[in-house]
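Worksheet: the structure to be examined is printed underneath.
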Amino acid sequence: MTESELHPWKTFIPAQCKVLIVGTFPPTKRNWSYDFFYPNKLNLFWTVMSRINKTVLQSFTGEAAVEERKNILVDLRVGVTDMGLEIIRLKGNSLDENLSAVKYMDILKILDDHPTISKLIFTSSSGPASAARWFGNYLKEQDIVHKFTNGPKPVRSRLQFQNRSVELVILYSPSRRAANRISLDKLAEMYSNEII
10 MTESELHPWK
20 TFIPAQCKVL
30 IVGTFPPTKR
40 NWSYDFFYPN
50 KLNLFWTVMS
60 RINKTVLQSF
70 TGEAAVEERK
80 NILVDLRVGV
90 TDMGLEIIRL
100 KGNSLDENLS
110 AVKYMDILKI
120 LDDHPTISKL
130 IFTSSSGPAS
140 AARWFGNYLK
150 EQDIVHKFTN
160 GPKPVRSRLQ
170 FQNRSVELVI
180 LYSPSRRAAN
190 RISLDKLAEM
200 YSNEII
């Protein structure tokens, strides 16, 4: 029987965070270059974030890489988390379609604990295992009805939560697999428009 995996980091949310980026779940540990979000060096996430922050990444392994990436998030006032709190890998690899959610991250508690967050960016929407689809499933568990519209990215919506309106945005995934749908320049521009 396949064992479930718990999320290794859960969240990283700097002070005065305004945007929370929500993915699905980290890749298999054999694909990590460091012990932090988006640890696969083939993923474009940190390339995009460093461009937005107007910095050049210097470290690619170990604790120096983790600190450099945390500093980028602090500078931008951007937090990161994933929808999967506990998952099962159906085929032992990192593809979203092979992930089955056991428990979702408690996004509403994160919003409650961090009232400065005004926007959630979801890094994927296609297929049954995606950040946006899992968010919808999570909201159903909370008895909240929400449905994203179909259309070209960015897809926008709103969530009313405790007397505040939180913007919801679906963007293209920063994974290399998704890179054939959008250029790095366009991907960076799209994320920058939502963060800056």
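Here the sequence shown stands for residues 10 to 205, where the numbers follow my numbering.
Where a beta carbon is used, it is the ideal one built from N, C-alpha and C, also for glycine.
A quick note: this is a predicted structure, and the numbers were derived from the prediction, not measured.
{"Item": "Given E198 as reference, the closest of T11, L117 and S59 once Cα atoms are compared", "Value": "S59"}
{"Item": "Coil, strand or helix - S133 by DSSP", "Value": "coil"}
{"Item": "Beta carbon of I22 nearer than 9 Å to that of V111", "Value": "no"}
{"Item": "Given N40 as reference, the closest of S174, F69 and R167 once Cα atoms are compared", "Value": "F69"}
{"Item": "DSSP bridge partner residues for Q169 (one or two, in chain order)", "Value": "S174"}
{"Item": "Inter-stretch contact at 8 Å, needing at least 3 Cβ pairs: the segment 47-55 / the segment 142-162", "Value": "no"}
{"Item": "Residues bridged to G93 (per DSSP)", "Value": "Y113"}
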